[in-house]
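Those sequence lines, one after another, are chains W and V.
Position 160 of the first sequence, counting from 1, maps to 160 under UniProt numbering, and the rest follow consecutively.
Position 165 of the second sequence, counting from 1, maps to 165 under UniProt numbering, and the rest follow consecutively.
Yeah, the Cβ is synthetic: ideal placement off N, Cα and C, and Gly gets one too.
So the structure is just underneath, and the comments pick up after that.
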Amino acid sequence: MAALWAIFYRELIRYWREKIRIITSLVQPAIWLFVMGGGMGAAFNGPGDVSYRTFIFPGIVGMTVLFSAIFSSISIVWDREFGFLKEVLVSPASRESIVLGKALGGATTAVIQGMIILIFAPAVGINLTFSMVVKAFVTMYFIALTMAAFGIVIAARMQSMQGFQFVTNFIVMPLFFLSGAIYPLKGIPGWLAALAAINPLAYGIDLLKHVFLPYHEYSLTTDIAVMAGFCVLFLFLGILLFKKDG
Amino acid sequence: MAVIEVTGLTKRFKEVEAVKGVDLTVYEGEVFGFLGPNGAGKTTTISMLCTILKPDGGQGHVAGYNLWREKDKVRQNIGLVFQDPTLDRNLTAYENLWFHALIYSIPARERRERIEMVLKMVELYERKDNLVQTFSGGMKRRLEIARGLLHHPKILFLDEPTVGLDPQTRVHIWEYIHKIRKEKGITIFLTTHYMDEAENCDRIAVIDQGKIIALDTPDNLKQMVGNNIVYINSPEAAGIVPFIKEKFNFEAKLVKNQVVVEVKEAETFIPALLQDLPFPVTSVAIKKPTLDDVFLKLTGREIRDELGENHRTPGFSRRRRWR
Ligand SMILES: Nc1ncnc2c1ncn2[C@@H]1O[C@H](COP(=O)(O)OP(=O)(O)O)[C@@H](O)[C@H]1O
Ligand SMILES: [Mg+2]
Numbered sequence: 001m002a003a004l005w006a007i008f009y010r011e012l013i014r015y016w017r018e019k020i021r022i023i024t025s026l027v028q029p030a031i032w033l034f035v036m037g038g039g040m041g042a043a044f045n046g047p048g049d050v051s052y053r054t055f056i057f058p059g060i061v062g063m064t065v066l067f068s069a070i071f072s073s074i075s076i077v078w079d080r081e082f083g084f085l086k087e088v089l090v091s092p093a094s095r096e097s098i099v100l101g102k103a104l105g106g107a108t109t110a111v112i113q114g115m116i117i118l119i120f121a122p123a124v125g126i127n128l129t130f131s132m133v134v135k136a137f138v139t140m141y142f143i144a145l146t147m148a149a150f151g152i153v154i155a156a157r158m159q160s161m162q163g164f165q166f167v168t169n170f171i172v173m174p175l176f177f178l179s180g181a182i183y184p185l186k187g188i189p190g191w192l193a194a195l196a197a198i199n200p201l202a203y204g205i206d207l208l209k210h211v212f213l214p215y216h217e218y219s220l221t222t223d224i225a226v227m228a229g230f231c232v233l234f235l236f237l238g239i240l241l242f243k244k245d246g
Numbered sequence: 001m002a003v004i005e006v007t008g009l010t011k012r013f014k015e016v017e018a019v020k021g022v023d024l025t026v027y028e029g030e031v032f033g034f035l036g037p038n039g040a041g042k043t044t045t046i047s048m049l050c051t052i053l054k055p056d057g058g059q060g061h062v063a064g065y066n067l068w069r070e071k072d073k074v075r076q077n078i079g080l081v082f083q084d085p086t087l088d089r090n091l092t093a094y095e096n097l098w099f100h101a102l103i104y105s106i107p108a109r110e111r112r113e114r115i116e117m118v119l120k121m122v123e124l125y126e127r128k129d130n131l132v133q134t135f136s137g138g139m140k141r142r143l144e145i146a147r148g149l150l151h152h153p154k155i156l157f158l159d160e161p162t163v164g165l166d167p168q169t170r171v172h173i174w175e176y177i178h179k180i181r182k183e184k185g186i187t188i189f190l191t192t193h194y195m196d197e198a199e200n201c202d203r204i205a206v207i208d209q210g211k212i213i214a215l216d217t218p219d220n221l222k223q224m225v226g227n228n229i230v231y232i233n234s235p236e237a238a239g240i241v242p243f244i245k246e247k248f249n250f251e252a253k254l255v256k257n258q259v260v261v262e263v264k265e266a267e268t269f270i271p272a273l274l275q276d277l278p279f280p281v282t283s284v285a286i287k288k289p290t291l292d293d294v295f296l297k298l299t300g301r302e303i304r305d306e307l308g309e310n311h312r313t314p315g316f317s318r319r320r321r322w323r
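Below you can see the structure in the form of structure tokens.
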């Protein structure tokens with residue numbers, strides 16, 4: 001338990017020390033919401049009678065959470081490069097607490113980032129209520145934990161930062177584009193739909209749509225069940241990979 | 001009592017057979033040195049003793065626990081200072097130790113006191129709230145030593161503790177190592193490729209190409225290569241030569257008006273000689289064999305410090321070390 005707390009808390013300290021990162025990571029969501037959202041608005045005739053800006057809001061919140069959760073897990077590769085990972089791995093700390101501490105720490109910082117994006121809600125035509133914020137918070141945590149665990153699975157065998165570009169191009173971006181974040185999933189071509197159906201993020205972002213929009217793709221139960229499945233699977237895999245490391 | 005006892009330890013990395021059957025016994029309270037050139041297999045051996053690396057073969061106990069079946073127990077009872085730094089540069093000195101205290105389950109009420117104690121020991125207490133990235137190489141090393149001691153290990157492993165440090169800092173690190181041994185009585189296992197540093201150890205294993213080729217005290221190892229040479233300056237040098245022959249039965253020679261004699265142990269020979277010598281002596285010099293001579297004799301090669309290989313370069317070169 002103490003080990004889990006140490007690893008968790010270290011994530012928070014490091015997050016807090018990089019205030020610049022907190023600010024710069026808000027730029028991209030703002031561009032999506034206001035530049036893309038504004039520009040595409042006229043061409044969009046989507047479901048639920050909402051403007052494009054409003055439609056992409058849950059997706060952009062999800063994107064923010066996705067990026068920061070995955071990249072905080074990928075920092076394992078830096079820890080490997082700078083040697084710190086060794087300090088952790090040769091300790092008697094249980095591999096469970098190492099993985100859970102890392103995932104929860106990364107998830108927490110990702111949720112803080114996601115919560116900050118909520119300040120844009122009024123500007124895209126969403127009136128936040130207290131219950132909406134609470135639901136959004138819980139949902140974000142769910143997405144963040146799943147994605148942080150996914151990041152750990154990726155980072156567990158990554159030896160160098162060269163893999164980083166690969167992860168961004170071949171994992172993070174496809175996850176995002178195939179999640180229904182920036183266009184509705186109904187009516188997309190079959191092969192895209194098939195990919196979206198196995199994309200954990202699609203279900204996470206759909207949960208956020210349940211929170212913010214009068215529109216969603218899947219039922220609440222489907223979303224929660226699939227996300228929970230992926231979350232447990234990734235955490236389990238992450239622990240397994242670290243156990244094999246010894 | 002043996003705190004490390006391993007037999008037949010082997011490890012191969014694809015085509016490289018890094019460690020070829022190492023047998024070792026290290027006793028409680030000793031400073032045990034692992035001496036060998038770069039690539040000899042020192043880090044690989046230490047990594048296996050510390051449970052970081054899985055041996056391909058062999059068995060043994062470290063700190064009283066089985067290397068295969070009781071990994072966590074071994075880990076809890078050893079302290080480690082790796083060849084390359086393993087601190088979190090974005091945390092302060094105190095935070096690095098705090099983190100360590102938690103992952104080693106040091107009870108909450110003891111944490112602060114212990115952290116402050118080790119910080120004071122390595123004279124970093126004043127810098128405890130500074131980020132580690134502002135530390136010099138020597139300070140980082142000291143902090144790592146402090147961290148390795150925080151959880152009261154039975155054995156402290158140090159892999160090349162002084163590599164890349166300036167001579168003054170090296171001396172300083174050695175002072176800490178001796179202090180720890182004296183104050184805590186813990187066993188210290190260290191590797192080095194510096195011959196002069198190996199002299200600080202109680203016993204040395206010389207390792208070359210993955211095999212231990214000699215294991216003894218530094219003095220015994222040196223006796224293996226030969227005797228001490230004593231040089232005596234005296235206005236009556238010519239008289240000293242027959243005196244030595246008569247009293248000790250050693251063949252002394254007169255070289256450039258200086259008496260040169262080979263003896264087994266200069267420390268006992270000189271006082272014995274001076275006690276009865278009826279002639280004045282102006283100066284005495286001793287040349288003892290070095291560990292370099294030992295290595296040369298054992299392998300037919302000289303141990304060399306190939307620059308670049310062993311320096312603590314940041315970034316890429318480090319990767320090779322860790323999986
Ligand atoms: N992870 C690794 N992969 C492949 N070869 C390795 C690895 N680690 C060490 N070696 C090789 O094993 C041999 C012993 O290395 P090492 O134990 O680091 O030597 P030392 O610490 O004595 O300098 C060297 O030939 C080295 O290149
Ligand atoms: Mg080495």
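Any C-beta of chain W under 8 Å from that of residue i
i              : result
residue 311(V) : At residue 311(V) the pLDDT is 39, less than 50, meaning the model places this residue with poor confidence; the figure from the coordinates comes in the next sentence. Taking Cβ atoms only, chain W never reaches closer than 8 Å to residue 311(V), which makes this a no.
residue 44(V)  : no
residue 56(V)  : no
residue 186(V) : no
residue 95(V)  : yes
residue 13(V)  : no
residue 269(V) : no
residue 99(V)  : yes
residue 102(V) : yes
residue 72(V)  : yes
residue 320(V) : Note that residue 320(V) scores 36 on pLDDT, short of 50, meaning its location in the model is unreliable; the coordinates nonetheless yield the value given after this. Answer no: the Cβ-Cβ gap between residue 320(V) and chain W never drops below 8 Å.
Cβ separation of residue i and residue j, assumed to be a contact under 8 Å, to the nearest whole Å
i              : j              : result
residue 142(V) : residue 176(V) : 7 Å
residue 213(V) : residue 298(V) : 5 Å
residue 228(V) : residue 288(V) : 5 Å
residue 113(W) : residue 65(W)  : 7 Å
residue 102(V) : residue 5(W)   : 6 Å
residue 74(V)  : residue 51(V)  : 5 Å
Burial state of residue i, where buried means 16 or more other Cβ atoms lie within 10 Å
i              : result
residue 228(W) : exposed
residue 255(V) : exposed
residue 170(V) : buried
residue 23(W)  : exposed
residue 20(W)  : exposed
residue 220(V) : exposed
residue 108(V) : exposed
residue 1(V)   : exposed
residue 134(W) : exposed
residue 49(V)  : buried
residue 157(V) : buried
residue 100(V) : buried
residue 255(W) : Nothing about residue 255(W) can be reported from this structure: the residues present for chain W run from 1 to 246 only.
CA-to-CA distance, residue j to residue i, given in whole angstroms
i              : j              : result
residue 35(W)  : residue 119(V) : 53 Å
residue 192(V) : residue 161(W) : 31 Å
residue 129(V) : residue 232(W) : 38 Å
residue 36(V)  : residue 296(V) : 12 Å
residue 32(W)  : residue 219(W) : 27 Å
residue 247(V) : residue 223(V) : 23 Å
residue 215(W) : residue 89(W)  : 46 Å
residue 282(V) : residue 270(V) : 13 Å
residue 19(V)  : residue 194(V) : 20 Å
residue 97(W)  : residue 13(W)  : 18 Å
residue 206(W) : residue 221(W) : 11 Å
residue 57(W)  : residue 181(W) : 8 Å
residue 237(W) : residue 82(V)  : 29 Å
residue 88(V)  : residue 96(V)  : 7 Å
is_contact[residue i, chain V] using C-beta, thresh 8 Å
i             : result
residue 6(W)  : yes
residue 2(W)  : yes
residue 13(W) : yes
Q) Taking a cut of 9 Å between CB atoms, which residues from the stretch 78-106 of chain W lie near chain V? A) Listed by position along the chain: 79, 80, 81, 82, 83, 84, 85, 86, 87, 88, 89, 90, 91, 92, 93, 94, 97, 98.
Q: Quick one: which residues of the stretch 104-115 of chain V get their C-beta closer than 7 Å to a C-beta of chain W? List them in chain order.
A: So the close ones are 104, 105.
Q. Name the residues in the stretch 74-93 of chain V whose C-beta lies less than 8 Å from a C-beta of chain W; which are they?
A. If the cut-off is 8 Å between Cβ atoms, the stretch 74-93 of chain V has 75, 76, 80, 82, 84, 85, 86, 87, 88, 89, 90, 91 near chain W.
Q. Got a sec: which bits of the stretch 159-176 of chain V sit with their beta carbon under 9 Å from any beta carbon on chain W, in order along the chain?
A. Answer set for the stretch 159-176 of chain V: empty.
(Q) What are the residues in the stretch 21-40 of chain W lying within 9 Å of chain V by C-beta distance? (A) Listed by position along the chain: nothing, the set is empty.
Q. Given a limit of 7 Å on CB to CB distance, which residues of the stretch 126-155 of chain V reach chain W?
A. Going along the stretch 126-155 of chain V in chain order, one finds no residue with a Cβ nearer than 7 Å to chain W.
Q) Which residues, in chain order, does the stretch 28-52 of chain V contribute to contact with chain W at a C-beta distance below 8 Å? A) Near chain W, meaning a CB-to-CB distance below 8 Å, the residues of the stretch 28-52 of chain V are 50, 51, 52.
(Q) By the 8 Å beta-carbon criterion, what residues does the stretch 52-72 of chain W contribute toward chain V? (A) Flagged: no residues at all.
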